[in-house]
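Working notes, beginning with the structure itself.
Protein chains: 2
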Amino acid sequence: MRNIKLLIEYDGTNYIGWQRQPLKHGKSIQGLIEDGIKKMVHHDVRLIAAGRTDAGVHAFGQVANFFTESHIPAERFPLALKSMLPSDIVVKGAWDVPEDFHARYSALEKTYRYIIRTAELPSAFDWRYATHVPMPLNLGEMKKAAAFFVGTKDFRAFCAKGSPVKHFVRTVKKAELTKDDSYIYFEVTADGFLYHMVRIMVGTLIEIGRGYWHAEDVKRILASMERKYAGPTALPQGLILWEVKY
Amino acid sequence: MRNIKLLIEYDGTNYIGWQRQPLKHGKSIQGLIEDGIKKMVHHDVRLIAAGRTDAGVHAFGQVANFFTESHIPAERFPLALKSMLPSDIVVKGAWDVPEDFHARYSALEKTYRYIIRTAELPSAFDWRYATHVPMPLNLGEMKKAAAFFVGTKDFRAFCAKGSPVKHFVRTVKKAELTKDDSYIYFEVTADGFLYHMVRIMVGTLIEIGRGYWHAEDVKRILASMERKYAGPTALPQGLILWEVKY
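Protein chains in written order, with the working numbering: chain S, 76 to 321; chain X, 76 to 321.
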């Protein structure tokens, strides 16, 4: 049995998210790619993704794998799928991998980026990819706050309520903010992320940036272990699954 | 009577173009902005634009003006219109101008940009803003060709058939190509443009870049004064009305 790994880029704006759901809920990225592969290999396939991104969330470096008996050379998949997928989903690469490769469980670390546009007015070109926060944000204080995310910690306070996971300890390796013109970029790398973790981090950083909280409040929020003490869940459209390392 | 000048940015993907048309043809950018202004000033307005961009063409710096008796301060229009317009149309500025200012006739020069993506695969994020030409293009030869566009010339061969204009002489002040990673940018500035002129220039430059013609063929095409000798009309989605100077 061949195991094929795909590198995938998508604009999540028009989809219900990565995960396939009953069709009445709308189109999923997983569903569209699976349907495309099925037409090539002539059997049902099930894609396993590194991260099941939510509606409106994008990916620059999503990774997924599937099993097939087909003899189609792996490198043929990107161009063949191009003609079967809409313009906002692109399979950028495909490789044969060992049978025990699992896009989610084999991942060593994932990196997400979140883009905030701080200009007074939105842009007609980036509203899908950046969240508009038209207010002055204190970048220095936000950077200090982000530093408190780094390390092996219980991130329960940064996990959406109702999430079925039982273990909330994650190791954040990097949590950095940079500014470029009217944009603030948040880049965070961890061995894994809880549900809505990055968006709650960003919601919290915005509260700190606008002066409602101080950087040190992150310590208090982490220690509380309660979702309600963290900031709001930032909008999905600034979030991009950037890279997955194995 | 007040005359108000607007600076406008839009993603033209979902519109039939700048120009208002009977509603059955779809939504126009002009129509949506006029409807928004009407709600503010309580009378019909007619926007005069610097360039009536086609369906799928974008603007970073479109300029338009309209007359009103309203006393609303000009600087209030951008934020007020934000709530009335879709995310892909943004009024970036508004100023009172003399009564004889005409967005089209007062323009001294306009600049368009055209973006070509040359990577083998398209991108999920820029397919609206760049035309995908997945083949090696000879940038040096294209640059030489673009230089032949500069000057005061009869551009009849670069004008779509059926255009009602009678004078085909235009002065191109700048026609430059730059490359950045997987993208080629064509920037062209002129005192005015004929219908489809930039897109026919780009279609011609691509033919030269892929080796079908040489740079010197531009001289032959210009001299022919016949549309049929120029290259095909490049797709609209790489074209952006970049700046208008007065």
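Every residue, glycine too, gets a C-beta built ideally from N, C-alpha and C.
Exercise. Under a CB-based cut-off of 7 angstroms, is X:Trp202 close to chain S?
Worked result: Residue mapping note: residue 202 of chain X aligns to position 127 of the second sequence, counting from 1. Yes - at least one Cβ of chain S is within 7 angstroms of the one on X:Trp202.
Problem set entry | Every unbroken beta strand (DSSP E) inside the region 203-264 of chain X [3 residues or more] | Listed in chain order, they are 226-229, 244-255.
For this session: Scan the region 150-167 of chain X for residues whose Cβ lies nearer than 7 angstroms to a Cβ of chain S and list them as they occur along the chain.
Result: Identification of residues in the region 150-167 of chain X having a C-beta nearer than 7 angstroms to some C-beta of chain S yields Pro153, Lys157, Ser162, Asp163, Ile164, Val165, Lys167, given in sequence order.
Exercise. Do S:Glu144 and the ligand PLP come close, with the Cβ less than 6 angstroms from some heavy atom?
Worked result: With respect to small molecules bound, the structure shown includes none, and the ligand PLP cannot be examined in it.
Problem set entry | S:Tyr85 at chain X interface by Cβ criterion, 7 angstroms | Working through the first sequence from its first residue, we reach residue 85 of chain S at position 10. Look at S:Tyr85: its C-beta is under 7 angstroms from a C-beta on chain X.
For this session: Quick one: using the 10 Å Cβ neighbour count with 16 as the cut-off for buried, is S:Gln105 buried or exposed?
Result: Position 30 of the first sequence, counting from 1, holds the residue named residue 105 of chain S. Here S:Gln105 is buried: its Cβ has 16 or more other Cβ atoms, across all protein chains shown, within 10 Å.
Problem set entry | Assigned secondary structure, S:Leu122 (DSSP; H/G/I helix, E/B strand, else coil) | Position 47 of the first sequence, counted from the start, is the residue given in the question as residue 122 of chain S. Annotated three-state conformation of S:Leu122 is coil, per DSSP.
Exercise. Which residue's Cα is closest to the Cα of X:Val247: X:Phe230, X:Cys234, X:Lys236?
Worked result: Your numbering for residue 247 of chain X matches position 172 in the second sequence. The shortest C-alpha separation from X:Val247 is found at X:Phe230.
Exercise. So who's on the other strand from X:Ala139, going by DSSP bridges?
Worked result: Walking along the second sequence from the start, residue 139 of chain X turns up at place 64. DSSP, once it has assigned bridges, lists X:Leu81, X:Ala124 as partnering X:Ala139.
Exercise. Where do the N-terminal and C-terminal ends of the alpha helix (DSSP H) with X:Asp171 fall, by residue?
Worked result: Counting from one through the second sequence, the residue named residue 171 of chain X turns up at place 96. For X:Asp171, no alpha helix (DSSP H) encloses it; the enclosing beta strand (DSSP E) starts and ends at 164-172.
For this session: List the DSSP bridge partners of X:Asp129.
Result: If you number the second sequence from 1, residue 129 of chain X lands on position 54. DSSP links X:Asp129 through a beta bridge to X:Gly92.
Exercise. Name the chain S residues whose beta carbon is nearer than 8 angstroms to that of X:Ser198?
Worked result: The sequence position of residue 198 of chain X within the second sequence is 123, counting from 1. Those are Glu84, Val165, listed as they occur along chain S.
Problem set entry | Among X:Leu81, X:Phe135, X:Met300, X:Arg245, nearest to X:Ala232 - alpha-carbon criterion | Position 157 of the second sequence, counted from the first residue, corresponds to residue 232 of chain X. Per the Cα distances, X:Met300.
Exercise. Anyone know if the C-beta pair for S:Pro311 and S:Gly278 falls short of 7 angstroms?
Worked result: Residue 311 of chain S sits at position 236 when you count from the first residue of the first sequence. Residue 278 of chain S sits at position 203 when you count from the first residue of the first sequence. For the pair S:Pro311 and S:Gly278, the CB atoms are not nearer than the 7 angstroms cut-off.
Exercise. What residue from X:Ala178, X:Thr88, X:Lys219 has the CA that sits closest to X:Asp163's CA?
Worked result: On the second sequence, position 88 is the one that residue 163 of chain X refers to. Residue X:Thr88 is the option with its Cα nearest to X:Asp163.
For this session: Kindly list the residues whose CB is nearer than 7 angstroms to the CB of S:Ala149, restricted to its own chain and excluding five residues on each side of it in sequence; keep chain order.
Result: Here residue 149 of chain S refers to the residue found at position 74 of the first sequence. Counting only residues of its own chain and dropping the five nearest sequence neighbours on each side, S:Ala149 has a CB closer than 7 angstroms to the CB of Ile79, Ala169, Trp170, Asp171.
For this session: Enumerate in chain order the residues of its own chain whose CB-to-CB distance from S:Trp93 is below 6 angstroms, with the five nearest sequence positions on each side excluded.
Result: For the purposes of this step, residue 93 of chain S is taken as the residue at position 18 of the first sequence. Here the set comprises Ile104, Gln105, Ala124, Arg127, Thr128.
Problem set entry | Rounded straight-line distance, which links the Cα of S:Ile112 to that of S:Phe152 | Taking the first residue of the first sequence as 1, we reach residue 152 of chain S at position 77. Taking the first residue of the first sequence as 1, we reach residue 112 of chain S at position 37. For the pair S:Phe152 and S:Ile112, the Cα-to-Cα distance works out to about 8 angstroms.
Exercise. Per DSSP, S:Ala61 forms a beta bridge with which residues?
Worked result: In this structure chain S extends from 76 to 321, so residue 61 of chain S is not present and cannot be described.
For this session: Report, in whole angstroms, the separation of the C-beta atoms of S:Val166 and S:Leu269, which I expect to be a contact under 8 angstroms.
Result: On the first sequence, position 91 is the one that residue 166 of chain S refers to. On the first sequence, position 194 is the one that residue 269 of chain S refers to. No, S:Val166 and S:Leu269 are not in contact; Cβ-Cβ is about 28 angstroms, not under 8 angstroms.
For this session: Thinking X:Arg188 and X:Ala205 are a contact (beta carbons under 8 angstroms), I'd like their distance in whole angstroms, please.
Result: Along the second sequence, read from residue 1 onward, the residue named residue 188 of chain X stands at position 113. Along the second sequence, read from residue 1 onward, the residue named residue 205 of chain X stands at position 130. Contact doesn't hold; Cβ gap of about 10 angstroms is too wide.
Exercise. Hey, X:Ala235 and X:Val293: beta-carbon distance below 7 angstroms or not?
Worked result: In the second sequence, residue 235 of chain X corresponds to position 160, counting from 1. In the second sequence, residue 293 of chain X corresponds to position 218, counting from 1. Cβ atoms of X:Ala235 and X:Val293: not closer than 7 angstroms.
Problem set entry | Extent of the continuous alpha helix (DSSP H) run through X:Glu184 | Residue mapping note: residue 184 of chain X aligns to position 109 of the second sequence, counting from 1. In the DSSP annotation of this structure, X:Glu184 is not part of any alpha helix (DSSP H); the continuous beta strand (DSSP E) holding it starts and ends at 184-192.
Exercise. In whole angstroms, what separates the C-alpha of S:Ser181 from that of S:Tyr321?
Worked result: Position 106 of the first sequence, counting from 1, holds the residue named residue 181 of chain S. Position 246 of the first sequence, counting from 1, holds the residue named residue 321 of chain S. Using only the alpha carbons, I get a separation of about 6 angstroms.
Problem set entry | Reduced DSSP category for X:Ile147 - H, G, I as helix; E, B as strand; rest coil | Walking along the second sequence from the start, residue 147 of chain X turns up at place 72. Coil, per DSSP.
Problem set entry | For X:Ile147 and X:Val116, believed in contact at Cβ under 8 angstroms, the rounded distance | For the purposes of this step, residue 116 of chain X is taken as the residue at position 41 of the second sequence. For the purposes of this step, residue 147 of chain X is taken as the residue at position 72 of the second sequence. Contact between X:Val116 and X:Ile147 holds, since their C-beta atoms are separated by about 7 angstroms, short of 8 angstroms.
Exercise. For the candidate residues S:Asp86, S:Ala130, S:Met76, S:Lys114, whose alpha-carbon lies nearest to that of S:Arg95?
Worked result: Taking the first sequence and counting its residues from 1, the one referred to as residue 95 of chain S is at position 20. Among S:Asp86, S:Ala130, S:Met76, S:Lys114, the Cα nearest to that of S:Arg95 is on S:Ala130.
For this session: Specify, as a first and last residue, the run of the alpha helix (DSSP H) that S:Ser299 falls within.
Result: On the first sequence, position 224 is the one that residue 299 of chain S refers to. Element bounds for S:Ser299: 292-299.
Exercise. Relative to the alpha-carbon of X:Arg285, which residue among X:Leu252, X:Val208, X:Lys241 has its alpha-carbon at the smallest distance?
Worked result: Start at 1 with the first residue of the second sequence, and residue 285 of chain X comes out as number 210. For X:Arg285, the nearest C-alpha among the options comes from X:Val208.
Problem set entry | Alpha-carbon to alpha-carbon, X:Leu122 and X:Arg77 | To locate residue 77 of chain X, count along the second sequence from 1; it is residue 2. To locate residue 122 of chain X, count along the second sequence from 1; it is residue 47. In this structure, the straight-line span from the alpha carbon of X:Arg77 to that of X:Leu122 is close to 13 angstroms.
For this session: Apply the 10 Å Cβ neighbour rule to S:Ala198 and answer buried if 16 or more other Cβ atoms are within range, or exposed otherwise.
Result: Taking the first residue of the first sequence as 1, we reach residue 198 of chain S at position 123. Inspection of the sequence shows that residue 198 of chain S is occupied by Ser rather than by Ala. Per the 10 Å Cβ criterion, buried.
Exercise. From S:Phe224 to S:Lys303, what distance separates their C-alpha atoms?
Worked result: Against the first sequence, residue 224 of chain S aligns to sequence position 149. Against the first sequence, residue 303 of chain S aligns to sequence position 228. Answer to the nearest angstrom: the Cα atoms are 17 angstroms apart.
For this session: Could you please give the first and the last residue of the uninterrupted alpha helix (DSSP H) stretch that includes S:Leu280?
Result: Walking along the first sequence from the start, residue 280 of chain S turns up at place 205. Per DSSP, S:Leu280 belongs to the alpha helix (DSSP H) from 272-284.
Problem set entry | Cβ-based burial, S:Leu107 [other Cβ within 10 Å; buried from 16] | To locate residue 107 of chain S, count along the first sequence from 1; it is residue 32. Under the 10 Å beta carbon count, S:Leu107 is surrounded by 16 or more other beta carbons and is classified as buried.
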